[in-house]
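Everything below concerns the one structure shown next.
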Amino acid sequence: MVTVTLFKKDNCQGDSFIVAEDITDLKNTPVKHNASSMSLTSDSDKILLFQKTNYNGDAMFRNGIKQVTKMSSPSKGGKTGFGNTVSSARCTPFTINLFVNIIANDDGSFEGLRSSDEELETGGFDNFDSFIADIVESANNVWHNFLIHLEVSEIVLRKSSKLHDLKNELYPLLWKDWQKKGNANVYLVRGIHKASGICPPVGFGKGAVVSCETPTDIAREGDILAHELGHYFGISKHEEDSQNLMTKHSDPSAGILTDKQVEEAHKTLTKHIGRTSLRNE
Ligand SMILES: [Zn+2]
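According to my numbering, the stretch in the sequence shown is residues 514 to 794, in order.
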C-alpha cells in the first residue's frame, strides 16, 4: 500500500493528492503540475516523480519514511529543477526485457551448466533455464526496491570457444551481431580476464557481460548481473561503500543504491531501452 502524498504548498501544506497508483499526468489532480512538497509515511513507500508527463524527463526518487518539505530544494529533501515541474508519478516497477545470450564452447558445452550437444543426446544435462531464472530472481530482489522489474524475453545459445573465455579486447564482438532492440542485452560467459563482469564505460547501448565462474553461487552471480545492469542503466561510477550495489567487490553487496544512482538509472531508461509497464505487482 503506497501512502505517498503530494502537496501544492511547501511544508506539506495546501491542496493534496495521494498517489495510490501510477499517474501519467498529474494535471487533473488537486496539485496539478505544482506539487511543492511530499510526505512518505511507510517504510515500504517508494516513488519516482518525473518532470514530464508519461514518466519522461529528469527523475526524482525517494523511499522510506520521510518528508520533502520543499520539492526544489536539496537541503529540504528535494531536488534542483523540481519546482512546479512534477508532471507524472510512478509507484510500480517498470519492466525491462532482457535478451540473454549464453556464450558456450564450440561444442555447445558450458562447464557446470550444460553438457556438449553430443552428450546431451545421451543423457547430458542443461541447467541454463533454471540458472537464468535464479540469477534474474536474485537481481530482481535488488532492482524491485528501485522500481525496476527484470524479465527474460529471450534466451539464445551461441557457440564460440573464443568468446566463452573472454579476453578484454574481444568483448565488442559479443554485441556486434547479438543485440535485440528495445531489450537490455545480457551475455553469460565462462570467465573474463581479470574481471567478473564487464559493461562499457558509457553504460548503455552495448551489453552487460556476466562471468559464470561460480554457477552454483546464485547470490554472487545474481549480484554481478544486478551490478552490470546498473552500469548498463547509466550508473558509470563505482562507490566506496561496500554495501552499495555499485562497489567493486567480490562478495555480494547489500544491494543498496543512493537516490542519485536510482535517478541516474531511470533517466537513462527514459531515453534508451524499451520500458513496459507492470502495474499489478
Ligand atoms: Zn562495476
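Positions of the beta carbon are idealized from the N, C-alpha and C atoms, including for glycine.
Model, not experiment: these values are computed from the prediction.
May I ask you to report which of helix, strand or coil DSSP gives tyrosine 700? Within the sequence shown, the letter at position 187 stands for residue 700. In this structure, tyrosine 700 counts as strand in the three-state DSSP scheme.
In the DSSP assignment, find the unbroken alpha helix (DSSP H) run with phenylalanine 641 in it and report its ends. Numbered from its first residue, the sequence shown carries residue 641 at position 128. Run containing phenylalanine 641: 641-656, per the alpha helix (DSSP H) assignment.
Through-space distance from lysine 672 to lysine 583, alpha-carbon basis: As a first step, residue 583 is located in the sequence shown; it is residue number 70 there, counting from the start. As a first step, residue 672 is located in the sequence shown; it is residue number 159 there, counting from the start. Rounded to the nearest angstrom, the two C-alpha atoms are 55 angstroms apart.
Given asparagine 681 as reference, the closest of Val723, Thr608, Gly625, Ala652 once Cα atoms are compared: Start at 1 with the first residue of the sequence shown, and residue 681 comes out as number 168. Checking every option, the nearest Cα to that of asparagine 681 belongs to Val723.
Contacts around serine 699, its chain only, beta-carbon distance under 6 angstroms, and the 5 residues preceding and following it disregarded: Counting from one through the sequence shown, the residue named residue 699 turns up at place 186. In the sequence under discussion, the amino acid at residue 699 is valine, which differs from the serine named in the question. Cβ within range, chain order: Leu611, Val613, Ala721.
Taking the alpha-carbon positions, what's the proline 714 to tyrosine 745 distance? Here residue 714 is taken as the residue at index 201 of the sequence shown, counted from 1. Here residue 745 is taken as the residue at index 232 of the sequence shown, counted from 1. Residue confidence for proline 714 is low, a pLDDT of 46 falling below 50, so the modelled location carries little weight; the figure read from the coordinates is stated next. Looking at the two C-alpha atoms, the distance is approximately 9 angstroms.
Tell me the residue span of the alpha helix (DSSP H) that contains glutamate 777. By one-based count along the sequence shown, residue 777 stands at place 264. Per DSSP, glutamate 777 belongs to the alpha helix (DSSP H) from 772-784.
Euclidean distance between Cα positions of isoleucine 786 and aspartate 730: Here residue 786 is taken as the residue at index 273 of the sequence shown, counted from 1. Here residue 730 is taken as the residue at index 217 of the sequence shown, counted from 1. Near 29 angstroms, if we compare the C-alpha coordinates of aspartate 730 and isoleucine 786.
Using the three-state DSSP reduction, which class does asparagine 614 fall into: helix, strand or coil? Here residue 614 corresponds to residue number 101 of the sequence shown, with the count starting at 1. Of the three classes helix, strand and coil, the one that applies to asparagine 614 here is strand, per DSSP.
Evaluate the contact criterion for the segment 516-530 versus the segment 541-555: three or more CB pairs, one atom per stretch, below 8 angstroms. yes
Identify the residues that DSSP records as bridge partners of methionine 551: which are they? Start at 1 with the first residue of the sequence shown, and residue 551 comes out as number 38. Paired residue(s): Leu519, Val581.
Could you tell me the alpha carbon to alpha carbon distance between aspartate 620 and arginine 627, rounded to whole angstroms? Counted from its first residue, the sequence shown places residue 620 at position 107. Counted from its first residue, the sequence shown places residue 627 at position 114. Each residue's alpha carbon lies about 10 angstroms from the other.
Identity of the residue in Asp528, Gln526, Gly527, Lys559 nearest glutamate 534 by Cα: Walking along the sequence shown from the start, residue 534 turns up at place 21. Taking only the C-alpha atoms, the option nearest glutamate 534 is Lys559.
Closest to aspartate 798 by C-alpha separation, out of Asn658, Gly695, Asn567, Asp639, would be which residue? Summary: the structure shown does not reach residue 798, with the chain confined to residues 514 through 794, and so no result is reported for it.
Counted within 10 angstroms of its Cβ, other Cβ atoms place proline 728 as buried (16 or more) or exposed: Here residue 728 refers to the residue found at position 215 when the sequence shown is read from its first residue. Buried.
Apart from the five residues just before and just after isoleucine 531, which ones in its own chain have a Cβ nearer than 6 angstroms to its Cβ? What you label residue 531 is simply residue 18 of the sequence shown in a count that begins at 1. Excluding sequence neighbours, isoleucine 531 sits near Thr518.
In the DSSP assignment, what are the bridge partners of glutamate 664? For the purposes of this step, residue 664 is identified with residue 151 of the sequence shown, where counting begins at 1. Glutamate 664 is bridged to Asn610.
Beta-carbon contacts of leucine 679 that lie in its chain and below 6 angstroms, excluding the five residues immediately before and after: The residue given as residue 679 occupies position 166 in the sequence shown. Contacts found: Val702, Ile705.
Whose C-beta lies closer than 7 angstroms to the C-beta of leucine 676 among residues of the same chain, with five residues either side of it excluded? Sequence index remark: in the sequence shown, residue 676 carries index 163 (1-based). The residues are Ile616, Leu683, Leu686, Leu687, Val702.
Express the C-alpha separation of alanine 739 and phenylalanine 623 in angstroms, rounding to a whole number. Position 110 of the sequence shown holds residue 623. Position 226 of the sequence shown holds residue 739. Answer to the nearest angstrom: the Cα atoms are 22 angstroms apart.
According to DSSP, which residues form a beta bridge with phenylalanine 574? The residue you call residue 574 lines up with position 61 of the sequence shown. Paired residues: Leu561.
Suppose the cutoff is 6 angstroms on Cβ atoms and the five residues either side in sequence are ignored; what does the same chain contact list for histidine 693 look like? In the sequence shown, counting from the first residue as 1, residue 693 sits at position 180. For the sequence presented, residue 693 should be read as lysine rather than histidine. Excluding residues within five positions, the ones whose Cβ falls inside 6 angstroms are Phe612.
Rounded straight-line distance, which links the Cα of tyrosine 568 to that of asparagine 696: Residue mapping note: residue 696 aligns to position 183 of the sequence shown, counting from 1. Residue mapping note: residue 568 aligns to position 55 of the sequence shown, counting from 1. Their Cα atoms are separated by approximately 18 angstroms.
Count the other CB atoms within 10 Å of the CB of glutamate 734; is the residue buried (16 or more) or exposed (fewer)? Taking the first residue of the sequence shown as 1, we reach residue 734 at position 221. Buried, since its Cβ has 16 or more Cβ neighbours within 10 Å.
Suppose you measure from the CA of isoleucine 669 to the CA of phenylalanine 641; what does that come to, to the nearest Å? Residue mapping note: residue 669 aligns to position 156 of the sequence shown, counting from 1. Residue mapping note: residue 641 aligns to position 128 of the sequence shown, counting from 1. For clarity, residue 669 is valine in the given sequence; the question names isoleucine instead. Approximately 10 angstroms, taken between the alpha carbons.
When DSSP builds the beta bridges, which residues end up paired with glutamate 752? Position 239 of the sequence shown holds residue 752. Its beta-bridge partners are Thr760.
Under the three-state DSSP convention, the category asparagine 524 falls into: Along the sequence shown, one-based indexing puts residue 524 at 11. In the structure shown, asparagine 524 sits in coil (DSSP, three-state: anything other than H, G, I, E or B).
Which residues in the same chain have their Cβ closer than 8 angstroms to the Cβ of aspartate 754, if we skip the five residues on either side of it in sequence? The residue given as residue 754 occupies position 241 in the sequence shown. Same-chain partners within the cutoff: Thr760, Ile769.
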